[in-house]
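Visitor: Quick note, the sequence shown lines up with residues 3 to 265 if you use the numbering used here. All residues carry an ideal CB built from backbone N, CA and C; glycine is no exception. Take a look at the following structure, please.
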Amino acid sequence: MSSIADQTIAALRSGHDALAAFVGKLGPDDLTRPSGASDWQVSQVLSHLGSGAEINLAALRAAQAGDPPPGGDFNPSVWARWDAMPPAEHASGFLEANERLVEAYEALDPSARADLRIDLGFLPEPVDVATAARMRLSEFALHRWDVEVGFDPAATVSDDAVPLLLDQVGAMLAWTGRPDVLAGRHALLAVRLHDPDRTYGLQLGDRVELTGAPERPDGELTAPAEAWLRLTVGRLGPQYTPEDVRVTGPVSLDDLRGVFPGF
Numbered sequence: 003m004s005s006i007a008d009q010t011i012a013a014l015r016s017g018h019d020a021l022a023a024f025v026g027k028l029g030p031d032d033l034t035r036p037s038g039a040s041d042w043q044v045s046q047v048l049s050h051l052g053s054g055a056e057i058n059l060a061a062l063r064a065a066q067a068g069d070p071p072p073g074g075d076f077n078p079s080v081w082a083r084w085d086a087m088p089p090a091e092h093a094s095g096f097l098e099a100n101e102r103l104v105e106a107y108e109a110l111d112p113s114a115r116a117d118l119r120i121d122l123g124f125l126p127e128p129v130d131v132a133t134a135a136r137m138r139l140s141e142f143a144l145h146r147w148d149v150e151v152g153f154d155p156a157a158t159v160s161d162d163a164v165p166l167l168l169d170q171v172g173a174m175l176a177w178t179g180r181p182d183v184l185a186g187r188h189a190l191l192a193v194r195l196h197d198p199d200r201t202y203g204l205q206l207g208d209r210v211e212l213t214g215a216p217e218r219p220d221g222e223l224t225a226p227a228e229a230w231l232r233l234t235v236g237r238l239g240p241q242y243t244p245e246d247v248r249v250t251g252p253v254s255l256d257d258l259r260g261v262f263p264g265f
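Okay, here's the thing in structure tokens:
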């Protein structure tokens, strides 16, 4: 059975290949279309993915060499260089930078995949390859959706990424959730997901957190798992919501969209 690191690296590869094929067919006008990311056109999403790939690769290479990650002005200088590129270079640069990052992950042998620790520069301590790769997959899969939904409102997060990202959502909610929009209302929802199946409790009150499946919930959210992922990062607007998303009880789907505005 393959490890989480192996599965995540495989998902990074399949995701890159699919988005590369999609981007390769885009013309100049396509690159300046609005994306699913607020205030970003398609080329700017690709710029973000490309600069992120470059920064992630630098951290991985530093870990392999036993060095600290690049600090100081490294990240701002990368972002500034990418920001200055025209749309066509955002696309071509993304293709090259992300291919290099995926290749670097694929080249890690089993020992490195299990034992290497990567200092990403913004966490309290270095993380293993599975964690670093899964953080990149979260960024990549959701921004891939941002690109594709600019052309197809029914686009979904890729099937191979969803199971790998699903159980990481709870760790983010205290940071991404905005319970103040509920104006003091409290609720405990049962969250029932499919494809893949999961059941949680969603506690809404002074803070937002996932719990075990509640015996007596105040209401219920049922949804495809990928739609739940998108909801928690502000990407489940009405025009992008599948028909089988349902919310019952004291809060509405619009309330939940307010709790999870994205970032």
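1) Taking the C-alpha atoms as reference points, what is the distance between Arg218 and Leu190?
2) Measuring CB to CB, does Leu206 end up less than 8 Å from Ala225?
3) Rounding to the nearest angstrom, what Cα-Cα distance links Phe153 and Val235 in this structure?
4) Quick one, which of Pro155, Thr34, Phe142 and Asp148 has its alpha-carbon nearest Ala90's?
5) Do Ser37 and Met87 have their CB atoms nearer than 8 Å?
6) By alpha-carbon positions, which one of Arg237, Thr178, Ile6 and Gly251 ends up nearest to Val159?
7) Since Gly73 and Gly123 are thought to touch, with beta carbons under 8 Å apart, how far apart are those beta carbons, to the nearest angstrom?
8) Cα separation between Ala114 and Asp85?
9) Quick check for students: name the residue ranges of the alpha helix (DSSP H) that lie wholly in the region 73 to 159, counting only runs of 4 or more.
10) Roughly how many angstroms lie between the CA atoms of Pro263 and Arg200, to the nearest whole one?
11) In the structure shown, what three-state DSSP assignment does Glu183 receive?
12) Which residues does DSSP pair with Gly264 in a beta bridge?
13) Just the Cα atoms here: how many angstroms apart are Ala22 and Val151?
14) Which complete alpha helix (DSSP H) runs does the region 9 to 68 hold, if anything under 4 residues is left out?
15) Buried or exposed for His188, going by 16 or more other Cβ atoms inside 10 Å?
16) Alpha carbons only, please: which of Asp256, Arg83, Ala157 and Asp111 is nearest the one belonging to Trp147?
17) Quick check on Glu127: buried or exposed, where buried means 16 or more other Cβ atoms within 10 Å of its Cβ?
18) Determine the direct distance from the alpha carbon of Pro216 to that of Tyr202, and round the result to whole angstroms.
19) Using DSSP with H/G/I as helix, E/B as strand and the rest coil, what is Thr243?
20) Hey, would you say Asp208 sits closer than 8 Å to Pro181, going by beta carbons?
21) Going by the beta-carbon positions, is the gap between Thr10 and Leu184 smaller than 8 Å?
22) Measuring alpha carbon to alpha carbon, tell me which of Ala135, Gln46 and Ala39 ends up nearest Asp8.
23) Between the region 160 to 179 and the region 249 to 260, are three or more C-beta pairs nearer than 8 Å?
24) Tell me the rounded alpha-carbon separation between Gly17 and Glu228.
Guide: Walking through what the data contain:
1) Counting from one through the sequence shown, the residue named residue 218 turns up at place 216. Counting from one through the sequence shown, the residue named residue 190 turns up at place 188. The alpha-carbon atoms of Arg218 and Leu190 are separated by roughly 8 Å.
2) Position 204 of the sequence shown, counting from 1, holds the residue named residue 206. Position 223 of the sequence shown, counting from 1, holds the residue named residue 225. No, Cβ-Cβ distance for Leu206 and Ala225 is not below 8 Å.
3) One-based indexing of the sequence shown puts residue 153 at position 151. One-based indexing of the sequence shown puts residue 235 at position 233. Whole-angstrom Cα-Cα distance: 20 Å.
4) Within the sequence shown, the letter at position 88 stands for residue 90. When each option's Cα is compared against that of Ala90, the closest is Thr34.
5) Here the question's residue 37 lines up with position 35 in the sequence shown. Here the question's residue 87 lines up with position 85 in the sequence shown. It is not a contact, given that the beta carbons lie outside the stated cut-off.
6) Numbered from 1 along the sequence shown, position 157 holds the residue referred to as residue 159. Ranking the options by Cα distance to Val159, first place goes to Arg237.
7) Counting from one through the sequence shown, the residue named residue 73 turns up at place 71. Counting from one through the sequence shown, the residue named residue 123 turns up at place 121. Correct: roughly 7 Å between the Cβ atoms.
8) Indexing the sequence shown from 1 puts residue 114 at position 112. Indexing the sequence shown from 1 puts residue 85 at position 83. Each residue's Cα considered, the two are about 33 Å apart.
9) 76 to 85, 89 to 108, 112 to 117 and 131 to 151
10) Stepping through the sequence shown from its first residue, residue 263 is reached at position 261. Stepping through the sequence shown from its first residue, residue 200 is reached at position 198. Approximately 23 Å, taken between the alpha carbons.
11) As a working mapping, residue 183 is identified with position 181 in the sequence shown. One point to set straight first is that residue 183 is Val, not Glu, in the sequence displayed. Of the three classes helix, strand and coil, the one that applies to Val183 here is helix, per DSSP.
12) Working through the sequence shown from its first residue, we reach residue 264 at position 262. Note: Gly264 sits in no beta bridge, so no partner.
13) Against the sequence shown, residue 22 aligns to sequence position 20. Against the sequence shown, residue 151 aligns to sequence position 149. Using only the alpha carbons, I get a separation of about 15 Å.
14) 30 to 33 and 44 to 67
15) To locate residue 188, count along the sequence shown from 1; it is residue 186. Exposed, since its Cβ has fewer than 16 Cβ neighbours within 10 Å.
16) What you label residue 147 is simply residue 145 of the sequence shown in a count that begins at 1. Answer by Cα proximity: Ala157.
17) Numbered from 1 along the sequence shown, position 125 holds the residue referred to as residue 127. Exposed is the call here.
18) Counting from 1 along the sequence shown, the entry for residue 202 is found at position 200. Counting from 1 along the sequence shown, the entry for residue 216 is found at position 214. Tyr202 and Pro216: Cα-Cα distance of roughly 7 Å.
19) Looking up residue 243 in the sequence shown gives position 241. It is coil, neither helix nor strand.
20) Sequence index remark: in the sequence shown, residue 208 carries index 206 (1-based). Sequence index remark: in the sequence shown, residue 181 carries index 179 (1-based). Their beta carbons are under 8 Å apart, which means Asp208 touches Pro181 by this criterion.
21) Numbered from its first residue, the sequence shown carries residue 10 at position 8. Numbered from its first residue, the sequence shown carries residue 184 at position 182. The answer is no: Cβ separation not under 8 Å.
22) Position 6 of the sequence shown, counted from the first residue, corresponds to residue 8. Checking every option, the nearest Cα to that of Asp8 belongs to Ala135.
23) no
24) For the purposes of this step, residue 17 is taken as the residue at position 15 of the sequence shown. For the purposes of this step, residue 228 is taken as the residue at position 226 of the sequence shown. Between Gly17 and Glu228, the C-alpha separation is close to 15 Å.
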